[in-house]
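Read in our numbering, the sequence shown has 773 at position 786, and its numbers run on one by one without any break.
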Amino acid sequence: MESVFTLFHIVMAIINSSRAQENYCSVRGESTYPQLWKHGDIIVGAIFPFHSKWEITNSSYSVMPPAMNCMSLEFRALQYSQTLIFAIEEINNSSSLLPGVSLGYKIYDTCGSASLGVKVAMTLLNGNENSISDQTCTKPAQVQAIIGETYSSVSMAIAKSIGPFSMPLISYYSTCECLSDKRKYPSFLRTIPSDYYQTIALAEMVKHFGWTWVGAIRRDDDYGNNGMAAFTKIAEELGICLEYSLPFFRTYSQEKVLRIVEQIKSSTSRVIVGFVTPWDLEILLHVFSEHNITGYQWVGTEGWIADPVAVTLDKYNILQGAIGLAIPKTTVTGLKDFILDVKPLKSAGSAIFMKFWEEMFTCKYGIQNNSGDIPVCTGEEKLSDIENTFTDMSMMPIFSNVYKGVYAIAHTLHELLGCKQTCLTKMQPDPFTFLEHLKKVRFKTKEGEDVYFDKNGDPPAKYEIINWQKNKEHQYEFVTVGLYDSSVAAEDRLAVNMASIVWAQNKNQMPKSICSESCLPGTRKAVQKGKPICCFDCIPCAAGEISNITDSIKCEQCQQDSWSNADKVECVKKEIEYLSYEETMGILLTAVSIIGALMTMVIAIVFYKYKNTPIVKANNSELSFLLLFSLTLCFLCSLTFIGRPSEWSCMLRHTAFGITFVLCISCVLGKTIVVLMAFRATLPGSNVMKWFGPPQQRLSVLVFTLIQFLICVLWLAISPPFPFKNLKHYKEKIILECHLGSNLGFWAVLGYIGILALLCFVLAFLARKLPDNFNEAKFITFSMLMFCAVWITFIPAYVSSPGKFTVAVEIFAILASSFGLLFCIFLPKCYIIILKPEKNTKKQIMGKVSIN
């Protein structure tokens, strides 16, 4: 119905404006007159909802609809009007502000109707004359600016209608964020913060309390829908989810209301954010009590959280512990006494005063009351005897907004009229010029409050955080528990005294309202399919990943040299693994290497002591000592594989291993050739030993070793081994190893050793049956057989062994092959030398005597 009225008035305005060719203009419909007025040099308009509703009539659209019949007088609107009158009277009595210029006012009633609001706004612009002789149907605006309206939806309709005329509309209570859009509402300003700041403050407050899963009920109009849309957007940015957002209007059918009730009952959230008004709460609270919907934590907007009317409606303690935002408490000196002194109200409009007086004292003017049911109003009743909305001053912050709006107009006029000792003119400035100066005005009230408008026509936002608490008399009190100030740094905007808050159901413990429990450090959130982001599962971080904050949305990968600890909450340096001298394996291998070297030295000492005995002489003592020396080096070179790899140790370990083993095999090969040559020398006419005497033996060992030396030099020159951090084999460890540099170089060194060992084995195998009791070829064959077996086994074990075990396998191969050579070649000889000296004779060695 309201939208129909609005459309009707807009159409009528278009029709009237199109009749420019006629010689007169007329105002269609009944004339509308102000409820309160006063003459002055410059008039200030005002629009207040003196009534909260109107009588709904059926319109046929064939005849002019009747005038709107307003009902339910609102005492709050009368307080607002008294505030406006107080401010104007104060300005008119001031010698410093607008000296010599008197302000008047015209105050109209909208009944909370957008259509009536547009009508009275146009009336304030053009007046109520039934005919105008000017053919253009234009004339100066009747008022300088308009104060109003309470409801955002009404203010939107008015602001859009008067915006093209640059007529300022200064609202004291319309908070819809949409009104900050200067393209749609170019002449709208307000002295109350926008819902934009309120929604930010509400969302930050909800986040501060740890509520991430909330429900919402919104008034189904521009105020509720726009406010909730803004809140939802900001809440999502802060990680807050709305389980539901339900529209509600006091004219909803019973079926719609029951659907709201059922949805709240089936919800899991325990917090309800209410973008509603006290009149909506009146119905909601009644329905909630019928269905036992209690125990919810209510979060309120400034539209109802600090309104005493809402307190009187909560008869069922449903709102106990409610918390929300309210305009900060303030005082205007002398205003309370002025409001309670209704003489100005009586003088400014007797009709509204009579209706007010009858409502206030439940009496009637001008009737003979014979029955005594309704007393006669005398006009001398005392307001001090009444406690109701009109005598309640809890809405003083809103009264102050009206007061500041009037003073903003006065200060702008003061500047435009050139007022100093007196004003240079009393002529009303044109609306556009006035509006541009009004946007830039800045002044301080007598209480010291700084008043100005930003680029959107909004004042700076400050809110008190109000908590509903019951006193000893079980009555609600509005207790301030915090403050929100948008003018300070983001981290300092919200300040809350948590200890002073009483929560829902009079509990001291803050309620919990979450969809899923917080994910602890070491886990990450995984959103549940088909549900809001606040409903999630907690997934442990994978190995090598961490999360060190609660409710982390992802796990961070540790750097290459780090690894996650057991709890996955921090990256710790990876364990560095290499074969060290301090660990058991390193100690054992070191001990075996040293034992092997010592045993070799002992055998060398034995051989040296018995160097003149037949068994030592028969086995080529020179090559034997050289072999023992090379075996000592082989045992000792294994020590280079133990310890932290370095650039020099990596180059030394492989080259020392390659050269010493070639020296060792070269000696064995030389001994094998000597055996073969010695047998050939026993044949008649053979002179073969002169071709492989001691010089040739030494030369062969030198040449074979020199070849390996050259291979190692080429390896080191082209791509030498180097220390390397192996990060791939173990994810949780760093393996320090020696990278081969050139794999070809390594396998060339190893292959050359293998070729010499194979050649030595073949030659020794051929000489194994030579007629000699102590045929060294047999022992060389066994030693080479063991040597080859060890190194053939070494290759797959080396390739497949992980980490430090690779080095251990290589050391084991070195030690095993060294011990094989030492035991197979020298142990039998030591046995004869030490334990069987009687067999250490030339005859025994040459096989001339049988061995028992």
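Ideal Cβ positions, reconstructed from N, Cα and C, are used throughout, including at glycine. Please read all numbers here as calculations on a predicted model, not as lab measurements.
Cβ neighbours of I629 within its own chain (closer than 8 Å, five residues either side excluded): L566, S567, Y568, G573, L576, T577, V794 and I798. Proximity of the segment 292 to 307 to the segment 259 to 273 meets the contact definition, three or more beta-carbon pairs being nearer than 8 Å. A Cβ-Cβ distance of about 11 Å is found for the pair T467 and I488, leaving them out of contact under the 8 Å criterion. Straight-line measurement puts the Cα of L686 at about 23 Å from the Cα of F813. No Cβ-Cβ contact shorter than 8 Å links S805 with L650. Between I187 and I259, the gap from beta carbon to beta carbon reaches 8 Å or more. The shortest C-alpha to C-alpha distance from E423 to any of E436, G444 and C406 is the one to G444.
Counting along the chain, the unbroken alpha helix (DSSP H) around S611 starts and ends at S608 to C624. The segment 396 to 416 and the segment 74 to 92 touch, with no fewer than 3 CB-CB distances between them shorter than 8 Å.
By the Cβ criterion, the segment 388 to 395 is in contact with the segment 173 to 183, since at least three pairs of Cβ atoms, one from each stretch, lie closer than 8 Å. Beta-bridge annotation (DSSP): N454 is paired with I310 and V466.
Boundaries of the alpha helix (DSSP H) around S142: S139 to I149.
Two segments are said to touch when three or more pairs of C-beta atoms, one from each, lie closer than 8 Å; by this definition the segment 202 to 219 does not touch the segment 511 to 528.
Taking 8 Å as the upper bound for CB-CB distance, K323 and M380 are in contact here, some 5 Å apart. Cα atoms of L166 and W550: separation of roughly 55 Å, rounded to the nearest angstrom. Beta-bridge partners assigned by DSSP to V260: A203 and V286.
DSSP, reduced to helix, strand and coil, places V690 within a helical segment of the structure shown. When the five nearest sequence neighbours on each side are left out, the beta carbons in the same chain lying within less than 8 Å of the beta carbon of Q250 are those of Y231 and L233, in order along the chain. Inter-segment contact for the segment 636 to 654 and the segment 739 to 748 is present: three or more beta-carbon pairs are separated by less than 8 Å. The distance from the Cβ of G32 to that of V130 is about 4 Å, consistent with a contact at the 8 Å cut-off. Under the three-state reduction of DSSP output, L176 falls in the strand class.
Put simply, of L809, C725 and Y20 the residue whose alpha carbon is nearest the alpha carbon of S337 is Y20. Cα atoms of T378 and T510: separation of roughly 58 Å, rounded to the nearest angstrom.
Note: K494 is bridge-paired with W490 in the DSSP secondary-structure output.
Our two residues, Y463 and A222, have alpha carbons roughly 29 Å apart in a direct line. When DSSP states are grouped into helix, strand and coil, D472 belongs to the strand group.
In the structure shown, F430 falls within a strand segment according to DSSP collapsed to helix, strand and coil. Only residues of its own chain outside the window of five on either side were considered, and among them A190 and K194 have a CB closer than 6 Å to the CB of L225, listed in chain order. Annotation for C725: the continuous beta strand (DSSP E) segment containing it runs K720 to H726. Residue environment analysis places T318 among the exposed positions, since fewer than 16 neighbouring C-beta atoms fall within 10 angstroms of its C-beta. If you ignore the 5 residues before and after I361, its C-beta comes within less than 6 Å of the C-beta of K351, all in its own chain and listed in chain order. When the alpha-carbon of G732 is set against those of E719, L753, S706 and P710, the nearest one is in S706. Per the coordinates, the alpha-carbon of S539 lies some 20 Å from the alpha-carbon of K499. Shown here, E562 sits in a strand according to DSSP, grouped into three states. Remark: C-beta atoms of C528 and K555 approach each other more closely than 8 Å.
The three-state secondary structure of D324, taken from DSSP, is helix.
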